[in-house]
Amino acid sequence: MPTEQITDAIDQLDDLAQIAMAGTNVPGLALAVVHQGKVVYAKGYGVRELGKTGIIDTDTVFQIASLSKSIAASVVAQQVGEGVVNWDDPVQKYLPWFQLQDPWVGEHVSIGDFFAHRSGLPDHAGDDLDDLGFDRQSILERLRYIPLASFRDTYAYTNFGLTAGAEAVAAASGQDWASLSENTIYAPLGMVSTSSRFDDFIAQDNQAVGHTLVDGEFRPILQRMPDSQSPAGGVSTTINDFSRWMIMMLSEGRFEGEVIIDEAALVPALTPQVISRRPATIGSIPGFYGYGTGVAITPSGRTMLSHSGAFILGSGTNYMMLPSENLGIAVFTNGAPVGAAEALSAQFMDLVQYREVQRDWLAGYQGLFKEMTAPIGDFHGIEPPSNPAPPVALERLEGVYDSSYFGPAQMDLRDGALVLTLGPDGQKFQLQHWDGDVFYFSAFNENMPSGSVSSLTFGISDEGTAMSFTVEFLNEFGLGVFKRQAQ
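In the UniProt record's numbering, the protein residues as written are 1 to 487.
Below is the structure:
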């Protein structure tokens, strides 16, 4: 690939970044390009928080969401190279308490299985517990209740599956995950503003505040606290620091002449371990996933390594790397995912490979992410019945209920309305009557975008007392049924 082809693409980045910001209204953005072991472009755009004057620069600290998975894989690879663990080690070897619904799978599932998302756990398993405030240990212990798909021949993206694999490595090392990451990767690379602890991020003065979407507009409302899934989504870093990590990865584990990760231990993370996207036609190219890293073959025949990160509460990030050219780009934004980061990376990679942008990436990615940020719930956008059947006496619905997966729930009558209390943080949801034994409530968190509305249906005994209730929001895996406890 001619050097001037890459230079020409870099020269267009500033205009492309301005267009992406104008087209999506993301508050702030930082991007960097590395090539042949050097940072050849780095710049910040926009503001750290809407309504305030602080600007984004290359030392602004962002929450990078699921780009954390690729960094976590590099931490594990370093430990593999040191002989502390192997990618194929069963998780139970280091976490004997860990279990899945199928005991045989729980016994055999490996660190690599979790980092490749091929454990059989369903998509985003455990995220609902995270939303309710459960800590990492509690969530990992409760994964055993979730129904499994086929082991090692299905791909389903899970934050807490990968976190389980990472926790096994941390246990083997004798360190907590955040300290292990700092000691093995961040400190040796000089990533001075990078951390896997939320407290370190929130203490930063030059911090990009997350903005979620409310009625189509970005607003800084809730702060995402991802410590429970730190290996999968809890890294905070700057575009300058992340560039050092990309240089190391593209240099096969080396940085400034020093071996950070043994190449043989790193290669499995960056090569296909599972099919993540099956081709729709016989002429299509499948997508692959390594360990914490997306792997693809571009139409030009080159291997592309990539990952995206997304917090509904305010982060959209992406990187793409072409190992054959020792070239990488990373884009961080402080807005809910709307495609700006992915579009910028894709446009740049088109320019360096084909001298022109091949498609309208921004419009395409905006369409893909629109569904992710749209309200959910079975009652979203539906008007309540005009003549609903009355419920039983609300006093008969009060009480303590329990779910093996979600734990205890309290149903109280306060000022004439039912209030549901869930989770270790005691999150409260005020119910409104819908029809008969069916109620509904609104929720807003990382997995329930603004405007989400769920039903809650009581199971009433012949005597007219509620014996259970089912929350639609929480019943994706059939675990959202809470049963009344004896008093």
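For every residue, glycine included, the Cβ atom is placed at its ideal position computed from N, Cα and C.
Proximity winner among D123, V40, A77, relative to Y291 (alpha-carbon distances): Start at 1 with the first residue of the sequence shown, and residue 291 comes out as number 291. When only C-alpha atoms are compared, the closest one is A77.
Local Cβ density within 10 Å of R414, reported as buried at 16 or more and exposed below that: Here residue 414 is taken as the residue at index 414 of the sequence shown, counted from 1. Exposed, by the Cβ-count rule.
Beta-carbon gap between S243 and A330 smaller than 8 Å: As a working mapping, residue 243 is identified with position 243 in the sequence shown. As a working mapping, residue 330 is identified with position 330 in the sequence shown. Yes, the Cβ-Cβ distance between S243 and A330 is below 8 Å.
Counterpart residues of E258 in DSSP-defined beta bridges: To locate residue 258, count along the sequence shown from 1; it is residue 258. Answer is F255.
Burial state of S284 (16 or more Cβ within 10 Å): Numbered from 1 along the sequence shown, position 284 holds the residue referred to as residue 284. Under this definition S284 is an exposed residue.
Cβ separation of R118 and Y155, assumed to be a contact under 8 Å, to the nearest whole Å: Start at 1 with the first residue of the sequence shown, and residue 118 comes out as number 118. Start at 1 with the first residue of the sequence shown, and residue 155 comes out as number 155. With a Cβ gap of about 6 Å, R118 and Y155 count as contacting.
As assigned by DSSP and simplified to three states, the class of E463: By one-based count along the sequence shown, residue 463 stands at place 463. Of the three classes helix, strand and coil, the one that applies to E463 here is coil, per DSSP.
Whole-angstrom distance between S230 and L189, CA atom to CA atom: Here the question's residue 189 lines up with position 189 in the sequence shown. Here the question's residue 230 lines up with position 230 in the sequence shown. L189 and S230: Cα-Cα distance of roughly 20 Å.
D113, buried or exposed, once every other Cβ within 10 Å from all chains shown has been counted against 16: Start at 1 with the first residue of the sequence shown, and residue 113 comes out as number 113. So D113 counts as buried.
Contact check, N334 vs G364, beta carbons under 8 Å: Counted from its first residue, the sequence shown places residue 334 at position 334. Counted from its first residue, the sequence shown places residue 364 at position 364. It is not a contact, given that the beta carbons lie outside the stated cut-off.
Proximity to A389 [Cα-Cα], best of H433, F429, Y354, G381: As a first step, residue 389 must be located in the sequence shown, where it is residue number 389. It is H433.
Coil, strand or helix - Q92 by DSSP: Your numbering for residue 92 matches position 92 in the sequence shown. Here Q92 sits in helix by DSSP.
Candidates G210, F473, E141, of which the one nearest R48 by Cα: Start at 1 with the first residue of the sequence shown, and residue 48 comes out as number 48. Of the candidates G210, F473, E141, the one whose C-alpha sits nearest the C-alpha of R48 is G210.
Contacting residues, own chain, Cβ-Cβ under 8 Å from G123 (five flanking each side not counted): Within the sequence shown, residue 123 is the residue found at index 123, counting from 1. The sequence shown places Asp at residue 123, rather than the Gly named in the question. Result list for D123: A156, Y157, T158, in chain order.
Separation of Q204 from V84, as counted between CA atoms: Within the sequence shown, residue 84 is the residue found at index 84, counting from 1. Within the sequence shown, residue 204 is the residue found at index 204, counting from 1. Taking the straight line joining both Cα atoms gives about 33 Å.
Residues sharing a beta bridge with residue 525, DSSP: Not covered by the structure: residue 525. The range shown for the chain is 1 to 487.
Environment of residue 511 [buried if 16+ CB atoms lie within 10 Å]: This structure does not reach residue 511, given that the chain is present from 1 up to 487, and the question cannot be answered.
Range covered by the alpha helix (DSSP H) that runs through I239: The sequence position of residue 239 within the sequence shown is 239, counting from 1. Here the alpha helix (DSSP H) through I239 covers 239-250.
Per DSSP, cross-strand counterpart(s) of E217: Numbered from its first residue, the sequence shown carries residue 217 at position 217. E217 pairs with V214.
Those runs of the beta strand (DSSP E) which lie wholly inside the segment 412-485 and span at least 3 residues: 417-422, 427-430, 432-435, 438-445, 448-460, 466-471, 481-484
Rounded distance between the beta-carbons of L213 and S450, thought under 8 Å: Translated into positions along the sequence shown, residue 450 becomes position 450. Translated into positions along the sequence shown, residue 213 becomes position 213. With 8 Å as the limit, S450 and L213 qualify as a contact, their Cβ atoms being about 7 Å apart.
The segment 193-203 touching the segment 419-430, judged by at least three CB pairs closer than 8 Å: Contact between the segment 193-203 and the segment 419-430 is absent, because fewer than three Cβ pairs lie under 8 Å.
DSSP-derived helix/strand/coil call for S404: Position 404 of the sequence shown, counting from 1, holds the residue named residue 404. Three-state result, S404: coil.
Simplified DSSP state of H108, which is helix, strand or coil: The sequence position of residue 108 within the sequence shown is 108, counting from 1. Correct three-state label for H108: helix.
Three-way DSSP call (helix, strand, coil) for I297 in this model: Taking the sequence shown and counting its residues from 1, the one referred to as residue 297 is at position 297. The answer is strand: DSSP assigns I297 an E or B state.
Beta strand (DSSP E) segment containing V33, residue limits: As a first step, residue 33 is located in the sequence shown; it is residue number 33 there, counting from the start. Element bounds for V33: 28-35.
Cα-Cα separation, A393 to P384: Position 393 of the sequence shown, counted from the start, is the residue given in the question as residue 393. Position 384 of the sequence shown, counted from the start, is the residue given in the question as residue 384. In a straight line, the C-alpha of A393 is about 20 Å away from that of P384.
Limits of the beta strand (DSSP E) - the one that L305 falls within: Walking along the sequence shown from the start, residue 305 turns up at place 305. Taken as a continuous stretch (DSSP letters only), the beta strand (DSSP E) holding L305 covers 303-311.
Sub-8 Å separation of A32 and I202 beta-carbons: Position 32 of the sequence shown, counting from 1, holds the residue named residue 32. Position 202 of the sequence shown, counting from 1, holds the residue named residue 202. In this structure, I202 does not lie closer than 8 Å to A32 by Cβ.
Length of the line joining the Cα atoms of V274 and K483: The residue you call residue 274 lines up with position 274 of the sequence shown. The residue you call residue 483 lines up with position 483 of the sequence shown. Taking the CA atoms as reference points, V274 sits about 39 Å from K483.
E107 versus L344 - alpha carbon distance: On the sequence shown, position 107 is the one that residue 107 refers to. On the sequence shown, position 344 is the one that residue 344 refers to. Computed Cα separation, rounded: 43 Å.
Closest residue to M411 among M448, L431, I71, S324 (Cα-Cα distance): Position 411 of the sequence shown, counting from 1, holds the residue named residue 411. Ranking M448, L431, I71, S324 by Cα distance to M411 puts L431 first.
Span of the alpha helix (DSSP H), counted from its first residue to its last, around R136: As a working note, residue 136 is residue 136 in the sequence shown. Element bounds for R136: 136-142.
Length of the line joining the Cα atoms of D127 and T465: Taking the first residue of the sequence shown as position 1, residue 127 is located at position 127. Taking the first residue of the sequence shown as position 1, residue 465 is located at position 465. Spanning the two alpha carbons is a distance of roughly 32 Å.
Collapsed DSSP secondary structure at V75 in the structure displayed: Looking up residue 75 in the sequence shown gives position 75. In this structure, V75 counts as helix in the three-state DSSP scheme.
CB-CB length for F115 against G165, believed under 8 Å: As a working mapping, residue 115 is identified with position 115 in the sequence shown. As a working mapping, residue 165 is identified with position 165 in the sequence shown. The Cβ separation is near 5 Å, so the contact holds.
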